[in-house]
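Written below as C-alpha cells is the structure these notes are about.
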Amino acid sequence: MIQFARATLLQWSPWHAPGDHMGWGGWTLMFLFWLIVIGLIVWLVATLLRRERGGGYRSGEDRAEAILRERYARGEIDEETYRRGLDELRRP
Numbered sequence: 001m002i003q004f005a006r007a008t009l010l011q012w013s014p015w016h017a018p019g020d021h022m023g024w025g026g027w028t029l030m031f032l033f034w035l036i037v038i039g040l041i042v043w044l045v046a047t048l049l050r051r052e053r054g055g056g057y058r059s060g061e062d063r064a065e066a067i068l069r070e071r072y073a074r075g076e077i078d079e080e081t082y083r084r085g086l087d088e089l090r091r092p
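My numbering puts the first residue of the sequence shown at 1, with every later residue one more than the last.
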C-alpha cells in the first residue's frame, strides 16, 4: 500500500517526492543563482541609466573636455581656442 501511494505521488509530481528535500547544498546553490540574477539586473539598470545621464563620464570636467575635443575635431573651433579651453578646464 505504501509503495502504491509513493508511486502515485511520483507519477503526479515527478520532480518532488515526500521527504525529498534539497538540503544545504541545494539551498546554497539556489541562493547564489538568485544573487547572480539580481546582481546582473542591477548592473544592467545602472549601466543604462549611466548612459542616459551623459555617456558614463566620471565628472563634469571629463565631459566638458570630451565636448571640446569633439568641437575641435569637427572644425568648429581652431587649435588656439581648443588649447585655451583645455587650459581653462584644467586650471584648479
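The beta-carbon is built from N, C-alpha and C at its ideal position, and this holds for glycine as well.
The model shown is predicted, which means the values in this text are computed figures rather than measured ones.
request  = Go to E88, then tell me how far its alpha helix (DSSP H) extends in each direction, as first and last residue.
outcome  = Annotation: the continuous alpha helix (DSSP H) that includes E88 extends over E79 to R90.
request  = Determine the burial state of L94: buried for a count of at least 16 other Cβ atoms within 10 Å of its Cβ, exposed for fewer.
outcome  = No statement about residue 94 is possible, as the shown extent of the chain runs from 1 to 92 and does not include it.
inquiry  = Just verifying my parser: in three-state terms, what is the DSSP assignment at G26?
reply    = helix
inquiry  = Rounded to the nearest angstrom, what separates F31 and D62 at their Cα positions?
reply    = 40 Å
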